[in-house]
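J.: Please read through the structure below; I'll follow up with questions.
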Ligand SMILES: Cc1cc2nc3c(=O)[nH]c(=O)nc-3n(C[C@H](O)[C@H](O)[C@H](O)COP(=O)(O)OP(=O)(O)OC[C@H]3O[C@@H](n4cnc5c(N)ncnc54)[C@H](O)[C@@H]3O)c2cc1C
Ligand code: FES
Ligand code: FES
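Residue numbers (the working numbering), protein chains in the order written: chain A, 287 to 465; chain B, 418 to 707.
Given below as structure tokens:
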């Protein structure tokens with residue numbers, strides 16, 4: 287069967303980091319490419335493009351998923367959070383602060399994916415064991431750090447969360463709690 | 418690494434899906450969680466002309482109790498099955514297996530039925546649903562069928578779901594009283610596809626095995642039932658030396674595992690033997706505690 291490129295575009299309407307976007311997309315456009323190229327949200331990184339590395343992880347209606355394993359057209363009517371929605375340079379998200387404080391990144395390519403995978407984990411875990419933390423990190427690859435300091439960052443973020451101290455908690459968007 | 422162009426449909430009812438499948442036949446594929454299908458499209462190993470998205474179809478994602486067990490809708494997310502108290506209570510073997518499938522980010526999107534319809538020989542669910550005596554409800558162009566697990570998995574990536582059919586749901590029957598169960602696998606990293614995995618259900622009467630169901634993954638063209646091992650268990654009193662003998666039968670007679678860059682044939686046999694012995698003793702202990 288044949289369809290012209292022009293007729294093979296679908297209107298979509300979605301919320302990204304609290305902002306509503308309306309676009310027309312070709313069905314084969316991956317959500318990762320839509321975020322990066324159409325919305326210019328280049329914080330979502332693309333490493334392997336087949337689900338293995340986790341660099342492209344975003345939140346879809348509050349749940350961490352691979353944006354390279356979804357088509358943009360499927361995000362119609364859904365809410366998406368990317369790393370850009372987490373915090374700002376002035377007011378980092380507690381996870382970002384913990385990553386900075388423990389040197390949990392070197393080149394930083396993998397970091398957005400780790401952060402987005404960890405947001406729901408932190409919401410559900412107050413005091414995780416090292417094994418739980420390592421399992422939570424299992425779906426994200428880092429070529430630089432050797433993971434040790436990433437585990438450390440999660441521990442620190444959890445400790446600060448337990449203590450509810452002033453390290454930026456409550457600032458920045460808390461995904462899953464947006465209207 | 419971009420998928421080839423295709424025409425996209427997002428139907429809302431099963432009837433619409435069936436019409437599209439009839440209309441486009443072999444040129445069309447259904448899209449469930451996309452966690453296996455989209456990578457194969459990105460690699461251009463699959464270039465369907467038409468993609469029928471199941472994510473908006475009503476009535477495919479349920480998870481409910483029936484008289485004799487559970488009915489799990491094909492579009493039920495793997496993460497939902499993993500976290501369901503109902504599954505933990507009525508199908509504990511399934512609950513125990515779910516965390517071994519990929520990573521949370523994949524299970525958030527990947528579906529129960531998608532994994533079974535895909536029938537990757539390295540996937541956990543085909544082996545586990547086989548030992549649980551699961552049944553598959555398939556919608557055909559004419560009517561519907563319930564297919565037993567033994568008849569469902571045909572070969573490499575091939576099941577009783579034909580190109581114009583749709584898997585609707587899976588029935589997981591309750592275990593018989595006095596049953597023990599276990600699942601174990603070995604992979605290099607949590608979340609990677611396993612080098613070998615073993616699922617087992619044993620029905621015991623006192624110390625004697627009335628019925629055994631044993632299946633392995635990653636050792637053949639689909640879930641591999643270990644019929645010789647099962648026969649060696651049935652009618653016998655359970656004891657350490659028997660379990661060891663059965664593990665050897667399974668590893669050396671029931672399976673003929675492949676060699677690849679991840680593991681040699683001998684190493685897979687070794688893993689199969691160790692994992693069979695361990696799952697059998699765990700199942701015996703659980704049956705005794707029941
Ligand atoms: C990095 C990574 C690691 C993984 N590790 C594992 C692992 O360790 N173990 C494991 O088991 N899986 C693993 N997977 C695969 C994952 O579990 C998939 O979710 C699953 O195999 C397919 O389910 P899906 O819902 O994503 O189906 P899709 O990818 O959408 O579909 C898979 C195939 O099934 C067909 N199909 C789907 N639903 C139906 C239906 N209702 N009727 C008829 N046909 C249908 C589709 O047409 C397609 O051909 C991994 C995936 C990735 C990306
Ligand atoms: S780019 Fe999506 S998982 Fe690697
Ligand atoms: S910091 Fe470089 S890949 Fe993780």
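All C-beta atoms in this analysis are idealised placements derived from N, C-alpha and C, irrespective of residue type, glycine included. These numbers were taken from a predicted model, which means no experiment stands behind them.
Does DSSP put residue 479(B) in a helix, in a strand, or in coil?
T.: As a position in the second chain, residue 479(B) is number 62, starting the count at 1. Looking at residue 479(B) - three-state DSSP - the assignment turns out to be coil, as it is neither helix nor strand.
J.: Any idea which residues DSSP pairs residue 614(B) with across the strands?
T.: Looking up residue 614(B) in the second chain gives position 197. Paired residue(s): 602(B) and 634(B).
J.: Which residues does DSSP list as the beta-bridge partners of residue 425(B)?
T.: Walking along the second chain from the start, residue 425(B) turns up at place 8. BP columns for residue 425(B) point to 468(B).
J.: What three-state label does DSSP hand residue 642(B) in the structure shown?
T.: Residue mapping note: residue 642(B) aligns to position 225 of the second chain, counting from 1. Here residue 642(B) sits in strand by DSSP.
J.: Terminal residues of the continuous beta strand (DSSP E) containing residue 307(A)?
T.: Stepping through the first chain from its first residue, residue 307(A) is reached at position 21. Start and end: 305-311.
J.: Just to confirm before moving on: does the CB-CB distance between residue 272(A) and residue 436(A) stay below 7 Å?
T.: Residue 272(A) cannot be examined here, being either before or after the span of chain A that is shown, 287 to 465.
J.: Does the region 465-478 of chain B come into contact with the region 427-436 of chain B, if we say contact requires no fewer than three beta-carbon pairs (one atom in each stretch) closer than 8 Å?
T.: yes
J.: Have a look at the DSSP bridge pairing and note the partners of residue 562(B).
T.: Against the second chain, residue 562(B) aligns to sequence position 145. DSSP lists 555(B) as partners of residue 562(B).
J.: Find the nearest neighbour of residue 574(B) within the set 535(B), 463(B), 704(B) and 644(B), judged by alpha-carbon distance.
T.: On the second chain, position 157 is the one that residue 574(B) refers to. Nearest of 535(B), 463(B), 704(B) and 644(B) to residue 574(B), Cα basis: 535(B).
J.: Cβ of residue 434(A) within 6 Å of any heavy atom in ligand 1?
T.: Against the first chain, residue 434(A) aligns to sequence position 148. No.
J.: For residue 682(B), report the span of its alpha helix (DSSP H) as first-last.
T.: For the purposes of this step, residue 682(B) is identified with residue 265 of the second chain, where counting begins at 1. Its alpha helix (DSSP H) spans residues 682-706.
J.: The alpha helix (DSSP H) with residue 500(B) in it runs from where to where?
T.: For this step, residue 500(B) is matched to residue 83 along the second chain. Where residue 500(B) is concerned, the enclosing alpha helix (DSSP H) stretches over 495-500.
J.: Looking at the C-beta of residue 397(A), does it have a partner C-beta in chain B at a distance below 7 Å?
T.: For the purposes of this step, residue 397(A) is taken as residue 111 along the first chain, with counting starting at 1. For residue 397(A), the answer is no, since every Cβ of chain B falls outside 7 Å of its Cβ.
J.: For the alpha helix (DSSP H) containing residue 434(B), name the first residue and the last one.
T.: As a first step, residue 434(B) must be located in the second chain, where it is residue number 17. Counting along the chain, the alpha helix (DSSP H) containing residue 434(B) begins and ends at 431-441.
J.: Could you name the residues whose beta carbon sits closer than 6 Å to any heavy atom belonging to ligand 3, keeping them in chain order?
T.: Answer in sequence order: 391(A), 392(A), 393(A), 394(A), 395(A), 396(A), 428(A), 429(A), 430(A) and 431(A).
J.: Closer than 8 Å by C-beta to residue 291(A): which residues in its own chain qualify, once you throw out the five before and the five after it? Chain order, please.
T.: Counted from its first residue, the first chain places residue 291(A) at position 5. Model confidence at residue 291(A) stands at a pLDDT of 46, short of 50, so the residue's coordinates are unreliable and nothing is read from them.
J.: Under the three-state reduction of DSSP, which class applies to residue 462(A): helix, strand or coil?
T.: Translated into the one-based positions of the first chain, residue 462(A) becomes position 176. Confidence in residue 462(A) is poor, its pLDDT being 41 and thus under 50, which makes the residue's placement unreliable; the coordinate value appears in the next sentence. In the structure shown, residue 462(A) sits in coil (DSSP, three-state: anything other than H, G, I, E or B).
J.: Mind checking whether the beta-carbon of residue 341(A) lies closer than 6 Å to any heavy atom of ligand 2?
T.: One-based indexing of the first chain puts residue 341(A) at position 55. At least one heavy atom of ligand 2 is nearer than 6 Å to the Cβ of residue 341(A), so yes.
J.: Taking only beta-carbon positions, decide if residue 464(B) is within less than 7 Å of chain E.
T.: You won't find chain E in this structure, because its protein chains are A and B.
J.: Measuring alpha carbon to alpha carbon, tell me which of 396(A), 412(A), 358(A) and 339(A) ends up nearest residue 520(B).
T.: Position 103 of the second chain, counted from the start, is the residue given in the question as residue 520(B). Minimum Cα distance to residue 520(B) is reached at 339(A).
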